[in-house]
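Just so you know, the sequences run in chain order A and B.
Per the working numbering: the first sequence = residues 1 to 281.
Per the working numbering: the second sequence = residues 1001 to 1281.
Note that the Cβ used here is the ideal one computed from N, Cα and C, for glycine as well.
This structure is a prediction, so every number in the text was calculated from the model and none was measured.
Before any comments, here is the structure.
There are 2 protein chains.
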Amino acid sequence: MNRTVFFVSESTGITAETLGHSLLSQFDTIDFEQVYMPYINTDLRALALTQRMQEAAERDGARPIVFATMLNNEIREILKNGNCFYMELFEGFVEPLSVELCVPPSRKSGQSHAITKPNFYTKRIEAINFAMANDDGIRPDNFHRADVVLTGVSRSGKTPTCLYLAMHYGLRSANYPITEEDFERGDVPQLVWDCRHKLFALIIDPQRLQLIREERRPNSPYASLARCQDDIRQAQQIYKRLQVPVLNTTTQSIEEISSQIMKMLKDNLDNGIEPLTGKTP
Amino acid sequence: MNRTVFFVSESTGITAETLGHSLLSQFDTIDFEQVYMPYINTDLRALALTQRMQEAAERDGARPIVFATMLNNEIREILKNGNCFYMELFEGFVEPLSVELCVPPSRKSGQSHAITKPNFYTKRIEAINFAMANDDGIRPDNFHRADVVLTGVSRSGKTPTCLYLAMHYGLRSANYPITEEDFERGDVPQLVWDCRHKLFALIIDPQRLQLIREERRPNSPYASLARCQDDIRQAQQIYKRLQVPVLNTTTQSIEEISSQIMKMLKDNLDNGIEPLTGKTP
């Protein structure tokens, strides 16, 4: 069974998309055709969208689902009158919240993802630049300036995770790749030991690692299964000595790993371990 | 007035946080203390959180707001019984959606940000790697492999925007920095012209640019206001010749710019201009 889903918003549509995805993930037996519809901010655009709804309804043999965050009543009514199952994601919450806070809502659209807090926005952009400049162990002498340091073997997911931590949470993220050199020494440099309180290790299934490395350097010793297994085994021995949390990137997304890291950093903070300069958005 | 807000979830908390932020942005006169509470997946953790709610209520002189996406009824009841204004973000939608789809919800938590669609997840990770490898015009000969190419003067926001496009939408993003060399020639290389159908230009307010460059290279000619003004003026002349969309990073966040770019790429696609290999998540 196939159903079309529209994520609709007057501005970026990120909120509609995020909550919509979460809700759809509860119905994983259905194949959803997902259409992203930001900037539906005029009657004309809304009307054109109702036309697309009708087409989808005819194609699927069932009306499309619409997840919307509309603040403008007129545009909302146009969409609701289309051939669709309309779910307004904001409305049920704005009024009760307004009563609780004793303040009327601004009703301005596009506030969620605008630069409404310049300080936190600047912090995020700076964190991204920091992550770019401190990727792949380029500057271990900068680790003391980082909020979080990741370690792992080549292609275990350090870079995407660092970038997510920077982009989403504004954390200054650096990473240290564990290589042959560390295995030979049986240890990582002192600069890595020094940041153990904010160090997290990544692990990955050797079979999965082989696939990833194979794409990067086909038929190389680097991509062989034996080498991947060996790298992981030796890395795990070092992690054990370091006694740092180990997270698995085979089964977990960068979002999941990042939120776990955030939680552990915060728990450390609550327990009085080393201040965390990053903060939640 | 100060109010504490808890974003609570059994797993990552990203959905609670995204919708919660959107809702709070409607009440911009209030100063919210925002606390991120992922992985509240046991009775014990829920009880500890009710204790924190009580502390917040006493500190603020008003009960905290809780934005939660809880699928477990027992844990939800514990939180609801705490001293808080509890808003369940999932519940109102899951049941009606279930009726519309004629399928019961899975009630599994943590599905929204897990790797439920390995193909799209792999695409995102590959897009991040592509963005890293094609940052700052390192490989203009790779532009034909990109889904989107950004251009702009140094520090106008190309890198963070490319990374967001890659991370969020899975778009293979590259960028070309406009420099002195292009100004002298009065033009950009042919490889940039060749990707005009997927090229977007970034512009930034010269005063803002000066601040950013000043942080990077204090008191340098590069960071002087005159140089920033000149760079922007000359870049704009080139944009005019290229006739590409120009987006302003002074006033718009990387989320806003990215979603506009996605929309324009999709509009091009709808109009039969060059296929877009990236897709919405």
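Assigned with DSSP and collapsed to three states, residue 1199 of chain B falls in strand. Annotated as distal: residue 198 of chain A and residue 153 of chain A, with beta-carbon spacing of 8 angstroms or more. Residue 1154 of chain B has a beta carbon lying at 8 angstroms or more from every beta carbon in chain A. Below 8 angstroms, too few C-beta pairs join the segment 1188-1203 of chain B and the segment 1214-1221 of chain B to call them touching: fewer than three.
Leaving aside the five residues that flank residue 109 of chain A on each side, the residues in its chain whose CB is nearer than 6 angstroms to its CB run, in chain order, 10, 11, 71. By a beta-carbon distance limit of 8 angstroms, residue 1142 of chain B contacts residue 1174 of chain B. Their separation comes to about 6 angstroms. The three-state secondary structure of residue 1151 of chain B, taken from DSSP, is strand. Residue environment analysis places residue 1 of chain A among the exposed positions, since fewer than 16 neighbouring C-beta atoms fall within 10 angstroms of its C-beta. Assigned with DSSP and collapsed to three states, residue 173 of chain A falls in strand. Using a C-beta cut-off of 8 angstroms, the segment 1128-1137 of chain B makes no contact with the segment 80-96 of chain A, since fewer than three inter-stretch Cβ pairs fall below that distance. Buried is the label assigned to residue 1177 of chain B, since at least 16 other Cβ atoms lie within 10 Å of its Cβ. In this structure, the alpha-carbon of residue 1210 of chain B lies about 14 angstroms from that of residue 1233 of chain B. Buried is the label assigned to residue 202 of chain A, since at least 16 other Cβ atoms lie within 10 Å of its Cβ. Rounded to the nearest whole angstrom, the C-alpha separation of residue 1134 of chain B and residue 1260 of chain B is 21 angstroms. The C-beta separation of residue 33 of chain A from residue 8 of chain A comes to about 15 angstroms, leaving the pair out of contact by the 8 angstroms criterion. Taking a beta-carbon distance threshold of 8 angstroms, residue 75 of chain A does not count as an interface residue toward chain B. Taken atom to atom, the span from the alpha-carbon of residue 1157 of chain B to that of residue 1021 of chain B is near 24 angstroms.
Under DSSP, residue 3 of chain A takes part in a beta bridge, and its partners are A:32. For the pair of segments examined, the segment 1036-1043 of chain B was found not to touch the segment 65-82 of chain A: the number of CB pairs separated by less than 8 angstroms stays below three.
By the Cβ-count criterion, residue 226 of chain A is exposed, with fewer than 16 other Cβ atoms from all chains shown falling within 10 Å of its own Cβ.
Using beta-carbon distances, residue 1116 of chain B counts as an interface residue toward chain A, with a partner under 8 angstroms. Residues of the segment 1192-1214 of chain B with a C-beta atom less than 7 angstroms from some C-beta of chain A do not occur. Between residue 1083 of chain B and residue 1057 of chain B the beta-carbon gap is near 5 angstroms, inside 8 angstroms, which marks them as a contact. For residue 115 of chain A, the secondary structure class from DSSP, reduced to helix, strand or coil, is coil. Using a CB distance cut-off of 8 angstroms, residue 28 of chain A counts as an interface residue toward chain B. Of all residues in the segment 1081-1105 of chain B, only 1085, 1087, 1089, 1090, 1092, 1093, 1094, 1096, 1097, 1098, 1100, 1101, 1103, 1105 come within less than 8 angstroms of chain A when Cβ atoms are compared, listed by chain position.
At least one CB of chain B lies nearer than 8 angstroms to the CB of residue 263 of chain A. By the 16-neighbour rule on beta-carbons within 10 angstroms, residue 48 of chain A is exposed. Beta-carbon to beta-carbon, residue 1018 of chain B and residue 14 of chain A are separated by about 7 angstroms, close enough to satisfy the 8 angstroms threshold.
Residue 220 of chain A has a beta carbon lying at 8 angstroms or more from every beta carbon in chain B. The alpha-carbon separation between residue 1137 of chain B and residue 1085 of chain B amounts to approximately 50 angstroms. Annotation for residue 1123 of chain B: 1170 place their beta carbon closer than 6 angstroms to its own, counting only its chain and skipping 5 residues before and after.
Residue pairing by DSSP puts residue 1066 of chain B in a beta bridge opposite B:1006, B:1086.
Residue pairing by DSSP leaves residue 1192 of chain B without any beta bridge partner. Burial state of residue 1251 of chain B is exposed, judged by a 10 Å Cβ sphere holding fewer than 16 other Cβ atoms. Any Cβ of chain B closer than 8 angstroms to the Cβ of residue 181 of chain A would place that residue at the interface, and such an atom is absent.
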